[in-house]
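Structure, as C-alpha cells:
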Amino acid sequence: MTRVALTGNGAVALALKQVEPDVMAAYPITPQTEIAQNYAQYVADGAVKTEYIAVESEHSAMSSAIGAAAAGARTVTATSSQGFALMWEMLYIAASLRLPITMPVITRALSGPINIHCDHSDSMGGRDSGWIQLYGEDAQEGYDNAIQAFRIAEHMDVRLPVMTMIDGFIISGAIGPLETVADEDVKNFVGEYQALNPLLNVEQPVTVGAFDSLGGWYFEHKVAQNRAMENAMGVIEEVGAEYGVLTGRDYAHFKTHEIEDAEVVLIAIGSAAGNVKSVVDQLRANGKKVGMMKVRTLRPFPYLQIAEALSGARAIGVMDRADSFGAQGGPLYLEVRSAMLEAQSRPQIFNFIYGLGGRDIFPNDIESAVETLERAAAGEKVSPTRHYLNVREG
Amino acid sequence: MQEITEIRWHARGGQGAVTAAKMVAEVALSQNKYFQAFPEYGPERSGAPIVAFTRLSDGPIQIYSAIEHPDYVLVLDPTLLDVVDVTAGTGENAVVIVNSEEDAADVGTRPEMSGKRVYAVPATRIALETIKRAIPNTPLIGALVRVSGLFPLEGVMDEVRDSLSKKFPEEVVDANLEAVKRGYEEVSGI
Numbered sequence: 028m029t030r031v032a033l034t035g036n037g038a039v040a041l042a043l044k045q046v047e048p049d050v051m052a053a054y055p056i057t058p059q060t061e062i063a064q065n066y067a068q069y070v071a072d073g074a075v076k077t078e079y080i081a082v083e084s085e086h087s088a089m090s091s092a093i094g095a096a097a098a099g100a101r102t103v104t105a106t107s108s109q110g111f112a113l114m115w116e117m118l119y120i121a122a123s124l125r126l127p128i129t130m131p132v133i134t135r136a137l138s139g140p141i142n143i144h145c146d147h148s149d150s151m152g153g154r155d156s157g158w159i160q161l162y163g164e165d166a167q168e169g170y171d172n173a174i175q176a177f178r179i180a181e182h183m184d185v186r187l188p189v190m191t192m193i194d195g196f197i198i199s200g201a202i203g204p205l206e207t208v209a210d211e212d213v214k215n216f217v218g219e220y221q222a223l224n225p226l227l228n229v230e231q232p233v234t235v236g237a238f239d240s241l242g243g244w245y246f247e248h249k250v251a252q253n254r255a256m257e258n259a260m261g262v263i264e265e266v267g268a269e270y271g272v273l274t275g276r277d278y279a280h281f282k283t284h285e286i287e288d289a290e291v292v293l294i295a296i297g298s299a300a301g302n303v304k305s306v307v308d309q310l311r312a313n314g315k316k317v318g319m320m321k322v323r324t325l326r327p328f329p330y331l332q333i334a335e336a337l338s339g340a341r342a343i344g345v346m347d348r349a350d351s352f353g354a355q356g357g358p359l360y361l362e363v364r365s366a367m368l369e370a371q372s373r374p375q376i377f378n379f380i381y382g383l384g385g386r387d388i389f390p391n392d393i394e395s396a397v398e399t400l401e402r403a404a405a406g407e408k409v410s411p412t413r414h415y416l417n418v419r420e421g
Numbered sequence: 132m133q134e135i136t137e138i139r140w141h142a143r144g145g146q147g148a149v150t151a152a153k154m155v156a157e158v159a160l161s162q163n164k165y166f167q168a169f170p171e172y173g174p175e176r177s178g179a180p181i182v183a184f185t186r187l188s189d190g191p192i193q194i195y196s197a198i199e200h201p202d203y204v205l206v207l208d209p210t211l212l213d214v215v216d217v218t219a220g221t222g223e224n225a226v227v228i229v230n231s232e233e234d235a236a237d238v239g240t241r242p243e244m245s246g247k248r249v250y251a252v253p254a255t256r257i258a259l260e261t262i263k264r265a266i267p268n269t270p271l272i273g274a275l276v277r278v279s280g281l282f283p284l285e286g287v288m289d290e291v292r293d294s295l296s297k298k299f300p301e302e303v304v305d306a307n308l309e310a311v312k313r314g315y316e317e318v319s320g321i
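From first to last, the protein sequence lines are chains X and F.
Okay, so the first sequence: first residue is 28 according to my numbering, each after it adds one.
Okay, so the second sequence: first residue is 132 according to my numbering, each after it adds one.
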C-alpha cells in the first residue's frame, strides 16, 4: 500500500483509472469537476484504454453512459451540482434499465442564488431515482467507495447504478493523505465485467427501452427495482467486508463512535461527520455522554440497523446539508425519524440544517447542537421544528 | 487530545500561496505526518487577496472547517497588511511571518501585531534574485521551517527537489532550492 498526497478529485479519478472501465462519458466544462479532466488526461497519456466520450451536456453524458452500458460496456461518468440536475431525467432511465453504471458525485449546491459551494442539494434530490447512494467523509472514503461501487452495481442480485458522493471543495479540492491500493489488486477486486443481455450480442437480440402500456409490466418493473435495492443491502456489506480484508479498511452502512452509553447522539453524512467526531471526542474528555453516527448508505436506507443502533439514546440530532422545503425536516432527518418508529425505545429526534451553499460548520456550531439535545434529554421542551446552525439571523 | 498545527496563508492570486500550501503537504507526506491543505474557494483572480490553509498532525485529521485560530500566519504580500486583518482569530504567541523589506522589529510595531511573535523575510527580493520571478512562496517556506522547526530543512529541500524535478529543468530546481535556503537563513526576528 502506498501513501500519496492527492485532492479528493484526484483520489476518485485515480480509483476510476485503476478500475479502467470501457467507457467514460462526461461533460468537460464547469460544473464538471477535475475528475473528468484528470481522467481525460489518463486517456490522452495512454494510461488507460477507456473510450472517452466528451459530450455537450450532462443530459447527454448520462444518455451516452446508458447507451454504452446497454451495449455491454463497463461505464462511468461523473458530475456535480447543476450538472447532476440536468441528468435528472436520465438517472431514472439508467436505474430502471438496471444498468450498473457508476458515478462519483461531488456534492454542491443548486442555484439560486448562483452558488458553487458544498451542500447536498444535488445528490439528495436524486435519492428516489433508483440509484444506490454511498456517501464518503474524506478522499480516502471517496476512493474506496468508487472502487466498491463497481462490485455492488454489477452484482447479479443487484444490477443497479451506484453513485458515490464526496463533499464539494471541502474534500474534492483539499489535499490530504491517501492510501492507494495496487493497480493489480483493484483489477482483481472488481473482476472481469459480465454484461447482461448486451445490445451488441447479435446471437441474442434484445430490445432496450421499449414502450410499456397499460397492460404491460411497468408496475412489476418497479417492484423488481425495489427488490434489487433490498438485495443491495446485504451486497454492500459483503463487498465492504471483502474490501476490508484487502485493504484493512472495512465498510458497513454506517459507523458509530462512542454510542454505547451515549445519552445524546448526532448523526451526520459527508465531511461534517469528521467535524462531529472531533467535537464528540472533546466533549467526552469533559465527561459528556455524547456519541455520533456517520451514515454511508442512504439508498438503500438501512432503517432497521439504524433503529437498533440508536434505541439507547435519549435525544438524537440529525444533521442535514440539504433541505426538503415544506417537509418536517431535511432528507436524512425524515429517514432517521421514520426508522426510529421501529426502535425498542423512542428517543426525541431533532433536525439541524447546516452548511447550505458552503456555509462553514465550526466546532462551536456542533457544540450548540449538542447543548440543544442535552436540554431535550433533561426534559426541557425543545421546538420540534428545524434548528439552523451558523445561520445569520434577521 | 490530538495536537494539530494550523497554518493560514494570506496572499494575492498568482503569488503561489496554494502551491506553497501543497508543497508543505508534500513535505508532511514525506515525513510520514498527516496533513490537509485547502484554499478558501471563490472566484480566483490574479492580484485579489486570497487565503489558503494547512493542517499538520501526527495522527489522522478529521476536522474540515476553515481554520479560525491559526498557530502560524504567513503573509506573502506586505501590501495585504493594510487591506486584510491577517491576525484575525490568532491567540497570544501566534507566529506571524511577513514577506517584507522591513525587518521583524519594524513589522512588529503595527498595532495588530501586538502580542504576536513576528518574523520578516525579504521573500520577493530573494525570489527575484534566485528564481528571477516575483513569486515569494519558496523563501516563505524556508522561513516557516526555520521559525517553526516543524520539519528538518534537509527533508524540505529533498522534497522540493523531488517534486520540482518532475516538471522543471535543473537550473529552475536549483534556483528554488536556493530560495528556500535563503528564506531559512534571512528571516529576521529569530
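Glycine included, every Cβ here is placed at the ideal spot set by N, Cα and C.
TYR250 of chain F - partner residues in DSSP beta bridges: According to DSSP, which records beta bridges pairwise, TYR250 of chain F is partnered with F:ILE228.
Status (buried if at least 16 other CB within 10 Å, exposed otherwise) for TRP244 of chain X: By the 10 Å Cβ count, TRP244 of chain X comes out exposed.
Distance CB(TYR69 of chain X)-CB(LYS44 of chain X) smaller than 8 Å: Yes.
Neighbourhood of ASP277 of chain X by C-beta distance below 8 Å, restricted to the same chain and skipping five residues each side: Hits under 8 Å: GLY267, ALA268, TYR270, GLY271.
Presumed contact (8 Å Cβ cut-off) between ALA235 of chain F and GLY320 of chain F, rounded CB distance: Going by Cβ atoms, the distance from ALA235 of chain F to GLY320 of chain F rounds to 3 Å, so yes, they are a contact pair.
Enclosing beta strand (DSSP E) for GLY267 of chain X [first to last residue]: Per DSSP, GLY267 of chain X belongs to no beta strand (DSSP E); it is in the alpha helix (DSSP H), 245-274.
Integer-rounded CB distance, given that ARG101 of chain X should sit under 8 Å from TYR220 of chain X: That belief holds up - the Cβ atoms of TYR220 of chain X and ARG101 of chain X are roughly 4 Å apart, short of 8 Å.
Stretch-stretch touch, CB-based, cutoff 8 Å, three pairs: the segment 212-226 of chain F with the segment 162-176 of chain F: Output reads no: the segment 162-176 of chain F does not touch the segment 212-226 of chain F.
Within 8 Å, strictly: CB atoms of ALA166 of chain X and ALA156 of chain F: In this structure, ALA166 of chain X keeps its C-beta atom at 8 Å or more from the C-beta atom of ALA156 of chain F.
Nearest-angstrom Cα separation, counted from ALA299 of chain X out to HIS147 of chain X: Their backbone Cα atoms lie some 12 Å apart in a straight line.
Span of the beta strand (DSSP E), counted from its first residue to its last, around GLY203 of chain X: Element bounds for GLY203 of chain X: 202-207.
Bridge partners - GLN375 of chain X, DSSP secondary structure assignment: According to DSSP, GLN375 of chain X shares a beta bridge with X:ALA342.
CB contact flag (GLY344 of chain X, ASP350 of chain X, <8 Å): Against a cut-off of 8 Å, the Cβ pair of ASP350 of chain X and GLY344 of chain X comes out as no contact.
From F:GLU137, F:ILE135, F:VAL149, F:ILE138, residue whose alpha carbon lies closest to that of ASN268 of chain F: Nearest C-alpha to ASN268 of chain F: F:VAL149.
Own chain residues within Cβ distance below 8 Å of LEU271 of chain F, not counting five before or after: Answer for LEU271 of chain F: ALA151, LEU205, LEU207, ILE228, ASN230, VAL252, ALA254, GLY314, listed in chain order.
Proximity test, Cβ basis, 8 Å: ASP288 of chain X and chain F: Not closer than 8 Å to any Cβ of chain F, the Cβ of ASP288 of chain X fails to qualify, so no.
Three-state secondary structure assigned by DSSP to THR240 of chain F: DSSP places THR240 of chain F in coil when its eight states are reduced to three.
Distance, ILE296 of chain X Cα to ARG323 of chain X Cα: Between the C-alpha atoms of ARG323 of chain X and ILE296 of chain X there is a straight-line separation of about 7 Å.
Cut-off 6 Å between Cβ atoms - residues of its own chain near PRO58 of chain X, not counting five sequence neighbours on either side: So the list reads SER107, SER108, GLN109, GLY110, once near-sequence residues are dropped.
Chain F contact for ASN36 of chain X (CB, 8 Å cutoff): Output row for ASN36 of chain X: interface = no.
With 16 other Cβ atoms within 10 Å as the buried cut-off, status of GLY157 of chain X: Flag for GLY157 of chain X reads buried.
Interface positions of the segment 177-203 of chain F facing chain X (Cβ-Cβ less than 7 Å), listed along the chain: Listed by position along the chain: GLN193, ILE194, TYR195, SER196, ALA197, GLU199.
Boundaries of the alpha helix (DSSP H) in which THR185 of chain F is found, first to last residue: THR185 of chain F -> not in any alpha helix (DSSP H); beta strand (DSSP E) instead, spanning 180-188.
Contact with chain X by GLN167 of chain F, beta-carbon distance below 8 Å: Chain X contact via Cβ: present.
Between the CA atoms of ARG248 of chain F and MET28 of chain X - distance to the nearest angstrom: Between MET28 of chain X and ARG248 of chain F, the C-alpha separation is close to 41 Å.
Best match in X:ASN313, X:GLN371, X:VAL303 for proximity to MET346 of chain X [C-alpha to C-alpha]: The residue with the shortest Cα to Cα distance from MET346 of chain X is X:VAL303.
Chain F contact for ARG30 of chain X (CB, 8 Å cutoff): Nearest CB-CB separation between ARG30 of chain X and chain F: below the 8 Å threshold.
Coil, strand or helix - ALA168 of chain F by DSSP: ALA168 of chain F falls in the strand class under three-state DSSP.
Within-8 Å CB hit, GLY384 of chain X to chain F: Interface flag for GLY384 of chain X against chain F is unset, since no Cβ pair is found closer than 8 Å.
Closer than 7 Å at the beta carbon, the chain X residues around TYR172 of chain F: Ordered by position in chain X, the residues that pass the 7 Å Cβ test against TYR172 of chain F are HIS144, PHE196, GLY200.
Buried versus exposed, by CB contacts within 10 Å (16 or more), ARG150 of chain X: Residue identity check: residue 150 of chain X is Ser in the sequence provided, not Arg. Per the 10 Å Cβ criterion, buried.
Sub-8 Å separation of THR104 of chain X and MET89 of chain X beta-carbons: A contact, by the Cβ cut-off of 8 Å.
Chain F residues whose Cβ lies nearer than 7 Å to that of ASP387 of chain X: By Cβ distance, chain F contributes SER196, ALA197.
Opposing strand residues paired with LYS282 of chain X [DSSP bridges]: Beta-bridge pairing links LYS282 of chain X to X:LYS321.
Simplified DSSP assignment, three categories, for LEU227 of chain X: If DSSP states are grouped into helix, strand and coil, LEU227 of chain X belongs with coil.
Distance CB(PRO180 of chain F)-CB(VAL214 of chain F) smaller than 8 Å: Yes, Cβ-Cβ distance for PRO180 of chain F and VAL214 of chain F is below 8 Å.
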